[in-house]
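*Asks:* Dropping a structure here in structure tokens format, bear with me for questions.
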């Protein structure tokens, strides 16, 4: 009987680095604009210790040693500072020259009297797997180094939060030095050590909302401990208290000579006794009923204070807010609130510009230990207000990598921004591009004049010009990645020269598929597993600079694949596992899926759930990469989550090295079609990352423009 070895890879333990030649000099170019899209000269651009100044056309070229990532800082007197981060792979993988890369135009925001720059992050805690990780993963917070370890978790977002005038997050945990007492009668409870507050302050956070369903996890003792530690901290807070009146009380602050009120609420009382919301008998979170929201907002607005509402509600892991959440947030704005920020679903939802006021329906996770892929994509939201009036918003995509918030680059940037763009578009809210970030502006698109064949024509700003993109298919593959397409534009047409070939669209359920970002930001990927005793990282790949290597022997097979069960997946979908392999000796690959049934405990599922064979594929020995695509259908009913595994078995010889690259699990969200206009029947289908063909001909394989996508 074969044994499955399920030991998790720890990248940092091996000190892996991407295959980037540090002795090579590369040039990053770009252009800086003001909000009227006019060039900005004399902007100081800094990368590491190198600085350059933009010219009269706003353009710059900054030479630097090749590195895994590049974080650029933009500073100009009279403008808000800006930071943007890019990976080497996303800048140079599509660049034939490999030494020059251009980033999209970046817009800087003008400073004005009483203009305030706010920054918001989503759900925050440092408990559970930060101290006691699963599967032998590295510990992130050690008891003897809690403060430095806590700061290390937020080190990658400190530059982003610190540049705002005021930064806020949702503190979804109680605070205590030790277990505060009896747990509330619920399945999941949190408490984080006080060092989390020091780390947040160090990272630039000014305020935390306590209006959520974990702020009363250890009842009165936990509530008392939380409030006591917060009162000793520089952090402002609201949204909870020892009674309803205290919980509904706003936090007051003065930001850039403007008076602000911060309100926080949770959207439901809870079914257990005592409830999670405060009342006249006990403490807890502020209950965000319609009455409470309207009354407390009106009270603050009546004092001529700019009022910000944070609300914790809706359904976990959903694409859209519930009707109750939407109405409560819009009612808060109708009654004078300037801005509404929501959370709880643990995944991002869209943004809406409602009556020229902004609603963020779900910020997703900010600092959290959830280990399934959908919860690891989120964002920082910058909002500029002019005496309470919405001026502009900027979306900084984040990837919670190994439970640490990091700037999202490459495929992760595409995933975050494509989702937010499409979910916002259905609410008539347009997200445009500024470098690697998204922009929402309060201004109506203006009419500009362009010259077309020497004839002056009027064109509305924001109208997209169609752009053609040619797709190429590697040997043995019927699937092409769409990650290189512009995330802010939608697929409008798909043309295939061979009329006998149809296409379908899908998204990837695996983060870090191409292994190019495994070593970035001093945080390992924790979503995939390998036997780390026989694993190494190659400085070459099928599609990029990096791949995984497993040392196989004929004594025992080994397994690799997805570590965590996917909590978010579509039942009864067609799915394809796609990967590239290379081995000089013959190897058998046995593909399995393993499910976690409803109400089944997590470790019971890992240890006892059957592994259902999908297919066995045999690779002949070769010095070249071989693409393998295995189709199956996701579980239909009875399962809350599942994962996929591959067992590798050496067939020929005593030892060999199995190289693995581009390990993706593609969930298809459309049937095969020959309609040149893609039909998006669901919110998921609006976020494609892959295109698959029903079959592939020599014409498609050899002709560069046999498959063309048009975006606009």
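In mature numbering (1 follows the signal peptide of the UniProt record, and there is no 0), the protein residues as written are -22 to -1, 1 to 690. No residue lacks a Cβ here, since even glycine has one placed at the ideal position from N, Cα and C.
#1: Please work out which residues of its chain come closer than 7 Å, Cβ to Cβ, to residue 332, disregarding the five sequence neighbours upstream and downstream, and give them in chain order.
#2: With DSSP collapsed to three states, give me the class of residue 646.
#3: Can you give me the start and stop residues for the beta strand (DSSP E) that residue 415 sits inside?
#4: Could you spell out where the alpha helix (DSSP H) holding residue 222 opens and where it closes?
#5: Where residue 198 and residue 131 are concerned, what is the direct C-alpha to C-alpha distance, given to the nearest angstrom?
#6: Which word fits residue 268, buried or exposed, when buried means at least 16 other C-beta atoms lie within 10 angstroms of its C-beta?
#7: Helix, strand or coil for residue 475 per DSSP?
#8: Using only the alpha-carbon positions, how far apart do residue 489 and residue 459 sit?
#9: Starting from the C-beta of residue 329, find all residues in its chain whose C-beta is less than 6 Å away, skip the five residues before and the five after it, and write them out in chain order.
#10: Look at residue 755 and residue 377 and say whether their C-beta atoms are less than 7 Å apart.
#11: Closest to residue 46 by C-alpha separation, out of 188, 66, 537, 566, would be which residue?
#12: When you compare each of 27, 23, 216 to residue 36 by their alpha carbons, which one comes out closest?
#13: Keeping to the same chain, check which residues put their C-beta closer than 6 Å to that of residue 676; ignore five residues upstream and five downstream.
#14: Tell me which same chain residues have a C-beta within less than 6 Å of the C-beta of residue 297, skipping the five on either side of it?
#15: Once the 5 residues before and after residue 226 are set aside, which same chain residues still bring their CB inside 7 Å of it?
#16: How would you label residue 15, buried or exposed, when you count the other beta carbons within 10 angstroms and need 16 or more for buried?
#17: Measure from the alpha carbon of residue 290 to the alpha carbon of each residue in 249, 244, 248, then state which is nearest.
#18: Could you please give the first and the last residue of the uninterrupted alpha helix (DSSP H) stretch that includes residue 180?
#19: Here's the rule: buried if 16 or more other CB atoms are within 10 angstroms of the residue's CB, otherwise exposed. What is residue 3?
#20: Does the Cβ-Cβ distance between residue 363 and residue 98 come in under 7 Å?
#21: Can you grab the Cα-Cα spacing for the pair residue 194 / residue 177, in whole Å?
#22: Once the 5 residues before and after residue 627 are set aside, which same chain residues still bring their CB inside 6 Å of it?
#23: If I measure Cβ to Cβ from residue 287 and keep anything under 6 Å in the same chain, skipping five residues before and after, which residues do I get?
#24: CA-CA distance, residue 322 and residue 340?
#25: With three or more beta-carbon pairs closer than 8 Å as the criterion, would you say the stretch 477 to 487 touches the stretch 497 to 507?
#26: Confirm, please, whether the CB-CB distance from residue 650 to residue 682 is below 7 Å.
#27: Determine which residues share a DSSP beta bridge with residue 95 and list them.
#28: Return the Cβ separation of residue 152 and residue 200 in integer angstroms, given the expectation that the two are a contact with Cβ distance under 8 Å.
#29: In chain order, which beta strand (DSSP E) runs of at least 3 residues are fully inside the stretch 211 to 266?
#30: Which value, in whole angstroms, describes the spacing of the CA atoms of residue 55 and residue 391?
#31: Whole-angstrom Cβ separation of residue 691 and residue 64, contact assumed at under 8 Å?
#32: Starting from residue 492 and walking both ways along the beta strand (DSSP E), at which residues does that stretch end?
#33: Between which residues of its own chain and residue 336 is the CB-CB distance below 8 Å, once the five residues before and five after are set aside?
#34: Could you check if residue 69 is buried or exposed, using at least 16 other CB atoms within 10 Å of its CB as the buried criterion?
#35: Does the count of Cβ pairs from the stretch 631 to 646 and the stretch 580 to 593 closer than 8 Å reach three?
#36: Please identify the residue among 13, 631, 8 whose C-alpha is closest to the C-alpha of residue 410.
*Replies:* Taking the coordinates as given:
#1: In the chain shown, residue 332 corresponds to position 354, counting from 1. Excluding sequence neighbours, residue 332 sits near 308, 311.
#2: Here residue 646 corresponds to residue number 668 of the chain shown, with the count starting at 1. Strand.
#3: Position 437 of the chain shown, counting from 1, holds the residue named residue 415. Unbroken beta strand (DSSP E) run through residue 415: 415 to 419.
#4: Along the chain shown, read from residue 1 onward, the residue named residue 222 stands at position 244. 222 to 225 is the span of the alpha helix (DSSP H), which, as asked, contains residue 222.
#5: Within the chain shown, residue 198 is the residue found at index 220, counting from 1. Within the chain shown, residue 131 is the residue found at index 153, counting from 1. When rounded, the distance between both Cα atoms is 29 Å.
#6: For this step, residue 268 is matched to residue 290 along the chain shown. Answer is exposed; the Cβ neighbour count stays below 16.
#7: Looking up residue 475 in the chain shown gives position 497. Note: residue 475 maps to coil in three-state DSSP.
#8: By one-based count along the chain shown, residue 489 stands at place 511. By one-based count along the chain shown, residue 459 stands at place 481. Each residue's Cα considered, the two are about 14 Å apart.
#9: Against the chain shown, residue 329 aligns to sequence position 351. Correct list, in chain order: 338, 402, 407.
#10: The chain is shown only over -22 to 690; residue 755 falls outside these bounds and no answer can be derived.
#11: Working through the chain shown from its first residue, we reach residue 46 at position 68. Of the listed residues, the one whose Cα sits closest to residue 46 is 66.
#12: The sequence position of residue 36 within the chain shown is 58, counting from 1. Closest by alpha carbon: 23.
#13: Against the chain shown, residue 676 aligns to sequence position 698. So no residue of the chain qualifies.
#14: Taking the chain shown and counting its residues from 1, the one referred to as residue 297 is at position 319. Its chain contains 661 as the residues whose beta carbon lies nearer than 6 Å to that of residue 297, once the 5 sequence neighbours on both sides are disregarded; these appear in chain order.
#15: One-based indexing of the chain shown puts residue 226 at position 248. Same-chain partners within the cutoff: 264, 270, 274.
#16: Taking the chain shown and counting its residues from 1, the one referred to as residue 15 is at position 37. Exposed is the call here.
#17: Within the chain shown, numbered from 1, the residue matching residue 290 stands at position 312. For the residues 249, 244, 248, the minimum Cα distance to residue 290 belongs to 244.
#18: For the purposes of this step, residue 180 is taken as residue 202 along the chain shown, with counting starting at 1. It spans 173 to 180 - the alpha helix (DSSP H) in which residue 180 sits, taken as one unbroken run.
#19: Here residue 3 is taken as the residue at index 25 of the chain shown, counted from 1. Residue 3 comes out exposed.
#20: As a first step, residue 363 must be located in the chain shown, where it is residue number 385. As a first step, residue 98 must be located in the chain shown, where it is residue number 120. Their beta carbons are not under 7 Å apart, which means residue 363 does not touch residue 98 by this criterion.
#21: Position 216 of the chain shown, counted from the start, is the residue given in the question as residue 194. Position 199 of the chain shown, counted from the start, is the residue given in the question as residue 177. C-alpha separation (whole angstroms): 22 Å.
#22: Residue 627 sits at position 649 when you count from the first residue of the chain shown. Here the set comprises 535, 566.
#23: Position 309 of the chain shown, counted from the first residue, corresponds to residue 287. For residue 287, same chain residues with a beta-carbon under 6 Å away, outside a window of 5 residues either side, are 241, 310, 315, 318 in chain order.
#24: Along the chain shown, read from residue 1 onward, the residue named residue 322 stands at position 344. Along the chain shown, read from residue 1 onward, the residue named residue 340 stands at position 362. So the two alpha carbons sit approximately 7 Å from each other.
#25: no
#26: Start at 1 with the first residue of the chain shown, and residue 682 comes out as number 704. Start at 1 with the first residue of the chain shown, and residue 650 comes out as number 672. Going by C-beta atoms, residue 682 is not nearer than 7 Å to residue 650.
#27: Here the question's residue 95 lines up with position 117 in the chain shown. Residue 95 is bridged to 362.
#28: Within the chain shown, residue 152 is the residue found at index 174, counting from 1. Within the chain shown, residue 200 is the residue found at index 222, counting from 1. About 4 Å; that satisfies the 8 Å criterion.
#29: 214 to 216, 229 to 233, 236 to 244
#30: Working through the chain shown from its first residue, we reach residue 55 at position 77. Working through the chain shown from its first residue, we reach residue 391 at position 413. Cα to Cα, the separation comes out at about 29 Å.
#31: In the structure as shown, the chain starts at -22 and stops at 690, and residue 691 therefore has no counterpart that could be examined.
#32: Counting from 1 along the chain shown, the entry for residue 492 is found at position 514. Where residue 492 is concerned, there is no enclosing beta strand (DSSP E), given that its DSSP letter is neither H nor E.
#33: For this step, residue 336 is matched to residue 358 along the chain shown. Hits under 8 Å: 317, 318, 329, 330, 361, 368, 371, 418.
#34: Position 91 of the chain shown, counted from the start, is the residue given in the question as residue 69. Buried is the call here.
#35: no
#36: Residue mapping note: residue 410 aligns to position 432 of the chain shown, counting from 1. Answer by Cα proximity: 13.
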